[in-house]
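Numbering (UniProt numbering), first residue to last: 1 to 247.
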C-alpha cells in the first residue's frame, strides 16, 4: 500500500465537508493533524483502521466536526502493549459519536475553550453516542466521562463483548456522586446490545434517567434467562413513563 507523504494544499481542502480515511498509511502521526487542519469546513468524518494502518495516535482536532465514526478492527501487534495507541479527540461541536474499537488502549477527550474548563464542556452539543465496549481496560470510566461531559445527550447505544475483562478493577462501575446532567434533562433512548447479566452490567443499566422514554436490552443468548429479566425489572428507574423492552 502506498505511503501518504504529501498533504494536498489548503486550497483543495477548504470546502470538504465529509472525509473517510480507510486503511491509510501516513509518513507520520503529525500528517493527520496537518491534513485535518486544512479541512476548515469538515463536518463528517469516518476513520476505518485495519492491519494496513501504520499510525499510533490519531489526533482529531476539528472545531467544525459534527459527526465522528471510528472503526478500529486492525489486528493487535506485538508492540501494542508497550506504548499508547488510539485517539486524541478535540471536537467541541460534535453531535454524533460512534466508536467501535477492539484494539486501542488510549482515548483522550479534550476541549480547550477560551474560558476555564468546566463540567459538560468537552461535548456540549453531543446528542447521539454509540459505544462498542471492548476497547481497553477502563471502558466504564470512559462511559462515565462522556456522560459527565455531554449535557445534551439524547440517545445512548452500548454493545458488549464477552471477552471484556469484567474482573478488572478499572471496569467496576461506581454510581456517580453527582448525576450527569444529560440523565436529568435530555436522555430519552437507551439501547444495550449483547447485554450480559453480570453485576457490573446491572449497575450500569441501573443508572437511570428522569426523561427516559425507551430502554431496550438484548441478551447475548437467544434463550433468554427469565431470572435475568426479573432482575432487570427490579432495577430502580426514575422515569415512570419509560418503556422497558427485552429482546
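Here a beta-carbon is modelled for each residue, glycine too, at the ideal position from N, C-alpha and C.
**Message:** Just to check my reading of the structure: residue 84 and residue 105 have Cβ atoms closer than 8 Å, yes? What is that Cβ distance to the nearest angstrom?
**Reply:** Within the chain shown, numbered from 1, the residue matching residue 84 stands at position 84. Within the chain shown, numbered from 1, the residue matching residue 105 stands at position 105. Rounded, the Cβ-Cβ distance is 6 Å, consistent with contact.
**Asked** For residue 146, which of helix, strand or coil comes out of DSSP?
**Response** For the purposes of this step, residue 146 is identified with residue 146 of the chain shown, where counting begins at 1. Helix.
**Message:** Can you give me the C-alpha to C-alpha distance between residue 28 and residue 247, rounded to a whole angstrom?
**Reply:** Position 28 of the chain shown, counted from the start, is the residue given in the question as residue 28. Position 247 of the chain shown, counted from the start, is the residue given in the question as residue 247. One C-alpha to the other measures close to 45 Å.
**Request:** Check residue 11 in the structure and name its three-state DSSP category.
**Result:** Taking the chain shown and counting its residues from 1, one reaches residue 11 at position 11. Three-state DSSP puts residue 11 in a helix.
**Asked** Does the beta-carbon distance from residue 211 to residue 244 come in below 9 Å?
**Response** Here residue 211 refers to the residue found at position 211 when the chain shown is read from its first residue. Here residue 244 refers to the residue found at position 244 when the chain shown is read from its first residue. Result no, Cβ atoms of residue 211 and residue 244 do not sit closer than 9 Å.
**Request:** With residue 96 as the anchor, note down where its beta strand (DSSP E) starts and where it stops.
**Result:** Numbered from 1 along the chain shown, position 96 holds the residue referred to as residue 96. Its beta strand (DSSP E) spans residues 96 to 101.
**Item:** C-alpha gap between residue 119 and residue 145, whole angstroms
**Value:** Locating residue 119 in the chain shown gives position 119, counting from the first residue. Locating residue 145 in the chain shown gives position 145, counting from the first residue. No answer about residue 119 holds up, because its pLDDT of 47 lies below 50 and its placement is not dependable.
**Message:** Using a Cβ-Cβ cutoff of less than 8 Å, which residues in the same chain neighbour residue 116 once the five nearest sequence positions on both sides are dropped?
**Reply:** By one-based count along the chain shown, residue 116 stands at place 116. Reliability of the predicted coordinates at residue 116 is poor, the pLDDT of 41 falling under 50, and no value is obtained from them.
**Request:** Name, in chain order, the residues that DSSP records as bridge partners for residue 44.
**Result:** Against the chain shown, residue 44 aligns to sequence position 44. According to DSSP, residue 44 bridges with 18 and 67.
**Same chain, Cβ closer than 6 Å to residue 157, neighbours up to 5 away in sequence not counted** = Position 157 of the chain shown holds residue 157. Only 130 and 191 meet the Cβ criterion.
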